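The structure appears right after this line, and notes come after that.
4 protein chains.
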Amino acid sequence: MKLFVEKGIEGTTTREIAEAAKAGEGTMFRHYKSKEDLAWHLFDENLTRFVKELEDDIQRYSTTHQKLRAMVEKCYALFETDRILTSYLLLSEHTAARRMPTDYKTPISILLALVKQGQTQGELRPMDPHLAAALVFGAILRVTIFKIYGSIDRDLREMVDEVTDSCWKMIQV
Amino acid sequence: MKLFVEKGIEGTTTREIAEAAKAGEGTMFRHYKSKEDLAWHLFDENLTRFVKELEDDIQRYSTTHQKLRAMVEKCYALFETDRILTSYLLLSEHTAARRMPTDYKTPISILLALVKQGQTQGELRPMDPHLAAALVFGAILRVTIFKIYGSIDRDLREMVDEVTDSCWKMIQV
Amino acid sequence: MKLFVEKGIEGTTTREIAEAAKAGEGTMFRHYKSKEDLAWHLFDENLTRFVKELEDDIQRYSTTHQKLRAMVEKCYALFETDRILTSYLLLSEHTAARRMPTDYKTPISILLALVKQGQTQGELRPMDPHLAAALVFGAILRVTIFKIYGSIDRDLREMVDEVTDSCWKMIQV
Amino acid sequence: MKLFVEKGIEGTTTREIAEAAKAGEGTMFRHYKSKEDLAWHLFDENLTRFVKELEDDIQRYSTTHQKLRAMVEKCYALFETDRILTSYLLLSEHTAARRMPTDYKTPISILLALVKQGQTQGELRPMDPHLAAALVFGAILRVTIFKIYGSIDRDLREMVDEVTDSCWKMIQV
DNA sequence: TATGAATGAGAGTTCATTCAT
DNA sequence: GATGAATGAACTCTCATTCAT
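Protein chains in written order, with the numbering used here: chain X, 134 to 306; chain F, 134 to 306; chain V, 134 to 306; chain E, 134 to 306.
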């Protein structure tokens, strides 16, 4: 995954993968049909797990604000724990991500549901929920990109409240 | 550029480029040292022009809110006029983009300056200007991605005010 | 053998062989030194047995015509009983067949001896015995190829006499 | 073609082909889509030409015996002129040969037509024409195989009359 | 003795780049 | 200056063979 994030899937050779895995060149192909297949499994399994955890976290809270905060927290915790995984799941747009079926559950679909619910409950102002989700999701994730590029230094977990509140302002009633 | 956006730089062959340009296979190499060099020039020249126009647009206004609005308007006008160019300059993370020197003037650096100035003038609340820029830039751009994926239907130029105001809420005093 | 005939020896993978034999991938190598070795044993043992039976059959008759008939009958009986074996032993030109020592006893060498004897006994007209053997052997076997390709429908065992007589005409006094 | 005949199509590497052609490894792929495609074109073009010449030769004669003789002569002339081509077109059963459409004009289909015509004209005895063709074609070709293996020494062109007459006996009235 | 995961040499193929025309 | 045939390094992937279990 490290290689895929750093050099892209196309840009990573199967030989490099084998070396990184300290395995023979052909070994990968006993486990995955192709390089693309490996990339897809890496994406699919990790995203599924992340989404499940994300749902669990959100479920614990009742207000939309709290749920949003949980989401930001989850994303930034993942980032500080495993930057590569975050990049692979949330920041890169690779071939693997394009294989997703349209009904796939993703962080975006969860955020969208959250927004719709918040609007129904009158916590959020009426607006195109897709627009709201786009604004919030973009804001949250771009912070991680800035951190990667070094513009932001602080541990993102310290910034959860600040980011949550900023996003909240965009969508609250 | 269309090919680069659709299939990635690595994923585009020089033969495809030649075909699309209705030129011979070797012709490209008389104008650019390599495929990567072409990608870089395509990026560099267009970004420079866009940034210049963006600066001109912003300059016309005095308040930070107006300037921010001008920026959103410029980005969304570009998107609706030339999606491919927008993708190539603002949405894709390709090798070409990584060649940029650190002191390069980009939409982000312009936004950052705008935020700093707004904070000095007391229009924006005190906060890490990088964080503010990240939140705003992320919000603005993610809307275009949603539009590309079809979640948003409207012409983005109609949404300039709504997006500007939403972003403004995140950073205003 | 089925796989070897259908896809060639080179074209058959050891994994396919293992599957077909309902054995593990490595098991074959405990019995044969290599895939080629398996192919050779399969060829050698079956050809030896077939040649022995062929000799026995021929021995039962005294006239050359009868012996020739016995040979045709034997070949066509084998074909109708076991097409794959016939293909493997008589029709395919594979690596295994090329391993044969020059003094190897084959259907051809038997036919050649038969022709020589027939000429000595004055039943066959004087001619290069190799030419005679070639003509007869070619005629007999090509019928099976036509049958495989579907140009001939009848059971070859019904055609033994017609084929024998046709061949006989080529070589009789 | 030499390599294909000697080692089979599967058994010949593209590297060997390039070396034999004194060309780079990639050059072949500018002219043919794949190794199999090269094999097919080599087969198709040469067989088409040979069949055309064969038809021309046969056309010159009026009696079936003469036509048959022309066919034998043509095959053996090809053999003595270009053994490799003969092997590739007439003796090997390779993947390329299997690509042939069923309505393809081949030496066999020509021989079959010749037999049918001869039977209609009363020159040949009544029998399954496919059987007749198989017997004759097998006899003619097996002689070349014997020559390749060294059992027959003479120039096949000297043997045209003998082979023709032998075959004739099988099918004449 | 049988297994099947691991191996790595080598296969077919692609494609950025060169250069004679 | 433009071309496109030729190139060969490097790619993904296959598969006969090995060997620890």
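Using N, Cα and C, we set each Cβ at its ideal position, and we do this for glycine too. Keep in mind that this is a model prediction, so the values were computed, not measured.
| query | result |
| --- | --- |
| Is there at least one Cβ from chain V nearer than 9 Å to lysine 302(E)'s Cβ? | yes |
| Strictly under 9 Å for the Cβ-Cβ distance: is isoleucine 243(X) near chain F by that measure? | no |
| Whole angstroms are fine: how far does the CA of glutamate 139(E) sit from the CA of aspartate 189(V)? | 36 Å |
| Mind the definition here: the region 226–241 of chain E touches the region 233–249 of chain V only if three or more C-beta pairs lie below 8 Å; say whether that holds. | no |
| Should histidine 263(V) be flagged as near chain E, meaning a C-beta pair shorter than 9 Å? | yes |
| Just checking: is the beta-carbon of isoleucine 150(E) within a distance shorter than 9 Å of some beta-carbon in chain V? | no |
| Let me know the secondary structure DSSP gives glutamine 305(F) once reduced to three states. | strand |
| Taking 9 Å as the cut-off, decide whether the C-beta atoms of lysine 256(E) and glutamine 305(E) are in contact. | A small correction: the amino acid at residue 256(E) is glutamate; lysine does not occupy that position in the sequence shown. Yes. |
| Which residues in the same chain have their Cβ closer than 6 Å to the Cβ of phenylalanine 176(X), if we skip the five residues on either side of it in sequence? | Ala229 |
| Taking the alpha helix (DSSP H) that threonine 277(X) belongs to, which residues open and close that run? | 262–281 |
| Buried or exposed: where does arginine 104(E) fall if 16 or more other Cβ atoms within 10 Å of its Cβ makes it buried? | With chain E represented from 134 up to 306, any question about residue 104(E) goes unanswered, as that position is not in the structure. |
| Using a Cβ cut-off of 9 Å (strictly closer), state whether alanine 267(E) contacts chain V. | yes |
| Indicate whether leucine 79(F) and arginine 275(X) have their beta-carbon atoms separated by less than 9 Å. | In this structure chain F extends from 134 to 306, so residue 79(F) is not present and cannot be described. |
| With the cut-off set at 9 Å, would you say alanine 154(F) and methionine 161(F) are in Cβ contact? | yes |
| With distance defined between alpha-carbon atoms, name the residue in Lys200(F), Ala265(F), Ala151(F), Ala156(F) nearest to valine 293(F). | Lys200(F) |
| Measure the CB-CB distance between arginine 216(F) and isoleucine 281(F) and report whether it falls below 9 Å. | yes |
| Chain F partners of serine 299(X), CB-CB under 9 Å? | Met260, Leu264, Ala265, Leu268, Lys302, Met303, Ile304 |
| When the distance is taken between beta carbons, is threonine 214(V) closer than 9 Å to threonine 277(V)? | no |
| Just mark proline 262(V) as buried or exposed, buried being the case when its beta carbon has 16 or more other beta carbons within 10 Å. | buried |
| So is valine 293(E) in contact with chain V if we call contact Cβ pairs under 9 Å? | no |
| Quick one: is glycine 271(F) near chain X, going by C-beta distance under 9 Å? | yes |
| Cutting at 7 Å between CB atoms, please list the residues of its own chain near phenylalanine 270(E), excluding the five before and the five after it. | Ile241, Leu244 |
| As a quick exercise: from Glu143(F), Lys302(F), Leu289(F), pick the residue whose alpha carbon is nearest that of phenylalanine 212(F). | Leu289(F) |
| Give the range of the alpha helix (DSSP H) segment to which proline 240(E) is assigned. | 240–253 |
| Excluding the five sequence neighbours on either side, which residues of its own chain have a C-beta within less than 7 Å of the C-beta of glutamate 149(V), listed in chain order? | Leu136 |
| Given that glutamate 213(V) touches chain E, what residues does it touch there, using C-beta distances under 7 Å? | Going along chain E, no residue has its Cβ under 7 Å from glutamate 213(V), so there is no contact; the nearest lies around 16 Å. |
| Answer with yes or no whether the minimum CB distance from leucine 217(X) to chain F is below 9 Å. | Checking the sequence, you will find isoleucine at residue 217(X) rather than leucine. Chain F contact via Cβ: absent. |
| Can you grab the Cα-Cα spacing for the pair glutamate 178(X) / glutamate 291(X), in whole Å? | 28 Å |
| Use the C-beta contact count for alanine 156(F): other C-beta atoms within 10 angstroms, 16 or more gives buried, fewer gives exposed. | exposed |
| By the 10 Å Cβ neighbour count, where 16 or more other Cβ atoms means buried, how is serine 195(E) classified, buried or exposed? | exposed |
| May I have the straight-line CA-CA distance separating aspartate 170(X) from glycine 159(X), to the nearest angstrom? | 14 Å |
| Taking C-beta to C-beta, are cysteine 300(V) and valine 184(V) nearer than 9 Å? | no |
| Go to lysine 135(F), then tell me how far its alpha helix (DSSP H) extends in each direction, as first and last residue. | 135–140 |
| How should glycine 251(E) be labelled, buried or exposed, when 16 other C-beta atoms within 10 angstroms of its C-beta is the threshold for buried? | buried |
| What does the alpha-carbon distance come out to for the pair alanine 265(V) and proline 259(V)? | 9 Å |
| Just curious, the alpha helix (DSSP H) that methionine 292(V) is in, first and last residue? | Methionine 292(V) -> no alpha helix (DSSP H), and no H or E assigned at all. |
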